[in-house]
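Trainee: Residues -17 to -1, 1 to 256 in mature numbering (1 follows the signal peptide of the UniProt record, and there is no 0) are what the sequence shown spells out, letter by letter.
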Amino acid sequence: MLLRHAFFILFIPLTCCLNLLELRIPEVADVREEAVLSCLYDLGGDKLYSVKWYKEELEFYRFMPDNHPQVQTFPVEGIHVVENKSNVTVITLSPLEYRSSGIYKCEVSSERPHFKTVVRSANMTVLALPKAEPRIDGIREIYLLGDYVEGNCTSSPSYPLAEVQWLINDRKAKDWFVEPYKPVKTRDSLGLEYHSLGLRFQIDMNHYQERSQVLTLTCQETLAGRTKSRVATIHLSRLLTNQKFAQEQLNRGGVTTIAKQLTVLAVLLLISL
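#1: Suppose you measure from the CA of A156 to the CA of C202; what does that come to, to the nearest Å?
#2: If you measure between the beta carbons of L144 and P166, is that distance less than 7 angstroms?
#3: Taking the C-alpha atoms as reference points, what is the distance between S84 and V14?
#4: Across the segment 205 to 215 and the segment 135 to 149, are there enough close Cβ pairs to call them in contact, namely three or more that are closer than 8 angstroms?
#5: Just grab the DSSP bridge partners of H218 for me.
#6: From the DSSP output, in three-state form, read off N135 for me.
#7: Note down the Cα distance separating L128 from S220, rounded to an integer number of angstroms.
#8: Indicate the three-state DSSP secondary structure (helix, strand or coil) for L3 in the structure shown.
#9: Does the Cβ-Cβ distance between A111 and L31 come in under 7 angstroms?
#10: Can you list, in chain order, the stretches of the beta strand (DSSP E) that have 3 or more residues and sit fully within the segment 45 to 86?
#11: Taking contact to mean at least 3 C-beta pairs separated by less than 8 angstroms, is the segment 81 to 100 in contact with the segment 113 to 126?
#12: Take V91 as the anchor and find which of Y81, S104, E80, L198 has the nearest alpha-carbon.
#13: What do you get for P58, buried or exposed, if any count of 16 or more other CB atoms within 10 angstroms of its CB means buried?
#14: What distance in whole Å lies between the Cβ atoms of Q53 and F46, which are believed to be in contact at a cut-off of 8 angstroms?
#15: Count the other C-beta atoms from every protein chain shown that fall within 10 angstroms of the C-beta of L1, then say buried if there are 16 or more, exposed otherwise.
#16: Return yes when the Cβ of A207 is within less than 7 angstroms of the Cβ of residue 334, no when it is not.
#17: So, are the CB atoms of I125 and H218 less than 7 angstroms apart?
#18: Among T199, W149, E94, whose alpha-carbon lies nearest the alpha-carbon of G28?
#19: Using the DSSP secondary-structure output, state which residues sit across from N106 in a beta bridge.
#20: Exposed or buried, what is T216 when buried is set at 16 or more other beta-carbons lying within 10 Å of its beta-carbon?
#21: Tell me the rounded alpha-carbon separation between I62 and L182.
#22: By a C-beta neighbour count over all protein chains shown, 10 Å radius and 16 as the cutoff for buried, is P140 buried or exposed?
#23: Does the beta-carbon distance from L20 to I74 come in below 7 angstroms?
#24: With K35 as the anchor, note down where its beta strand (DSSP E) starts and where it stops.
#25: Would you list the residues sitting across from G181 in a DSSP beta bridge?
#26: Does the distance from the CB of Q25 to the CB of L41 come in under 7 angstroms?
This is the structure we're talking about:
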């Protein structure tokens, strides 16, 4: 009996008063969209005194149910509160700016009987994310032995600049296969940029080792841990020209074999005379 009472007494503080349940703040927000922040709490029988929002320790939104008006907003750089989409648990920010990036804090306070304050914070980074997949230019559908594969992978406009890379059969292309080009700035007010990464390599016999004789070229752009891809598939033809076949034989040390064949042919001709 004493044990049951002891358990009950210990359990009371966990359920009796204000508790902040969850803070939802997008880790990454697109500058062209709105950001929705929420602060979920349980009063646990207490009366709400206030809900306050801060960016970098500067208060920009306050809700006090006993005040008139209940809502107050304060000017903070990069913060634009949409009041008709904001309330005691949700804050909507629009339009966003790159300056809207920072640490956001929700502070909830209760009145009697416990007069408790709970706080939680999280970071939000505002970017201009790529809206489309990257573009591939210059890649043909069919290649022969000895042909050069040449193409460009161009990122979709973003800020900051997205990272671009080439994959050949799901493996990162060798450094000497690629050539980066200078970024290009767009003329819009967001300062968006894009850039291209060139790819150049020669088809050799090693590429014919795959049973399918198909190469998959993947162009990837990555920003803030988010990746978009575009894929080009090229087919390796078995129809080789005599010139390319002879060149490949020379490259692979086939010159000795060719010389032996010519010697045998010459001996046969002499015998027949």
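For glycine and all other residues, C-beta sits at the position ideal for the given N, C-alpha and C.
Mentor: According to the structure shown:
#1: 10 angstroms
#2: yes
#3: 10 angstroms
#4: yes
#5: I125, V197
#6: strand
#7: 8 angstroms
#8: strand
#9: no
#10: 54 to 56, 73 to 76
#11: no
#12: S104
#13: exposed
#14: 6 angstroms
#15: buried
#16: Outside the displayed span of the chain (-17 to 256) sits residue 334, for which this structure offers no information.
#17: yes
#18: E94
#19: I86
#20: exposed
#21: 43 angstroms
#22: buried
#23: yes
#24: 31 to 38
#25: N135, E162
#26: According to the sequence shown, residue 25 is Asp rather than Gln. Taking 7 angstroms as the Cβ cut-off, D25 and L41 do not qualify as a contacting pair.
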